[in-house]
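Asks:
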Amino acid sequence: MRFLRNKKEDDPRLGIAPLIDIVFLLLIFFMVTSHFDLASGVKLQLPKMSTRLDENPQQETSVLIDRDGNAYLEGEKITPQDLKETLGSMVTEKGLVRIVLQADREALHGKVMHVIDTARSAGVRSVIIAAGWSSGESEQ
Numbered sequence: 030m031r032f033l034r035n036k037k038e039d040d041p042r043l044g045i046a047p048l049i050d051i052v053f054l055l056l057i058f059f060m061v062t063s064h065f066d067l068a069s070g071v072k073l074q075l076p077k078m079s080t081r082l083d084e085n086p087q088q089e090t091s092v093l094i095d096r097d098g099n100a101y102l103e104g105e106k107i108t109p110q111d112l113k114e115t116l117g118s119m120v121t122e123k124g125l126v127r128i129v130l131q132a133d134r135e136a137l138h139g140k141v142m143h144v145i146d147t148a149r150s151a152g153v154r155s156v157i158i159a160a161g162w163s164s165g166e167s168e169q
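The sequence shown begins at 30 in the working numbering and counts up one residue at a time.
#1: Please classify L125 as buried or exposed, where buried requires at least 16 other C-beta atoms within 10 Å of its C-beta.
#2: Between which two residues does the beta strand (DSSP E) holding A132 run?
#3: Going along the chain, which residues of its own chain have a beta-carbon closer than 8 Å to the beta-carbon of S150, five neighbours each way excluded?
#4: Near L130, which residues of its chain fall below 6 Å by C-beta distance, leaving aside the five closest residues on each side in sequence?
#5: Report the three-state DSSP secondary structure of S150 (helix, strand or coil).
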């Protein structure tokens with residue numbers, strides 16, 4: 030005697046719960062491994078560029094220049110003379126070889142060049158000028 034099988038029981042099914050778990054794990058992974066380097070309290074509009082620079086955070090620090098020409102070292106406002114002294118001591122103590130210069134696009138060119146000159150005279154070998162990512166549209 031032959032028994033009839035219920036075809037619904039034989040069909041393989043893909044559960045949605047494991048897929049949701051995987052999506053959430055991927056989301057958490059990307060959130061944890063993302064690196065956001067934001068200056069605290071300083072609003073900047075970086076100029077845009079379409080090419081990427083190599084990033085190696087070892088032996089570097091950030092210097093910011095706001096639109097009014099004020100300089101910030103690692104988020105703290107600093108005078109030009111103190112900037113030279115602090116960078117000089119960082120070069121001798123930590124072996125600082127480069128800085129990342131984040132200047133507002135409205136900052137005067139003279140102020141930016143003064144900070145670059147100050148860093149070079151303090152012993153910094155490389156100055157990297159930061160820029161934002163361009164979406165392909167030309168900006169003014």
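Beta carbons: idealized from backbone N, C-alpha and C, even for Gly.
Replies: Per the coordinate set shown:
#1: buried
#2: 127 to 132
#3: K113
#4: V92, V156, I158
#5: helix
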